[in-house]
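Asker: Residue numbers (the working numbering): -17 to 121. Below is the structure I would like to discuss, written out as structure tokens.
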């Protein structure tokens, strides 16, 4: 795995750990921390690094294979599938989930569409231009 990728798990989360592993690998692919054709660590290595049961990692790898995210090559290991549409698909899927969550939250706050558009435009421009530090982005 590349140096920029680490599995971060929330053991108190309502999401199963194997799905958190899947989500972390999907995020890493979407951010180009893992690229098409790149080999993932063995299931045992990832289990040790993440401090989880190897069966949990095995389930995550099996799930990712069913999703078409990875492929297992007998005797070689598990690799990010070499698919030119994979990155665009993952980014689109993740963006859709983020936008859905955001819209639900601002609707619950009672904001109007105009207020949301103005807020997003302002925040986007500030972050894009570097006016907000990274510590401001995590809330």
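Ideal Cβ placement from N, Cα and C applies to all residues, glycine included.
Is it true that the CB of residue 60 sits closer than 9 Å to the CB of residue -1?
Answerer: As a working mapping, residue -1 is identified with position 17 in the chain shown. As a working mapping, residue 60 is identified with position 78 in the chain shown. In this structure, residue 60 does not lie closer than 9 Å to residue -1 by Cβ.
Asker: What alpha helix (DSSP H) runs, 4 residues minimum, are completely inside the segment 63 to 97?
Answerer: The qualifying runs are 68 to 90.
Asker: Give the straight-line distance between the Cα atoms of residue 34 and residue 15, rounded to the nearest whole angstrom.
Answerer: Within the chain shown, numbered from 1, the residue matching residue 34 stands at position 52. Within the chain shown, numbered from 1, the residue matching residue 15 stands at position 33. Roughly 22 Å between the two C-alpha positions.
Asker: Under DSSP, the alpha helix (DSSP H) around residue 38 begins and ends at which residues?
Answerer: Position 56 of the chain shown, counted from the first residue, corresponds to residue 38. Its alpha helix (DSSP H) spans residues 36 to 49.
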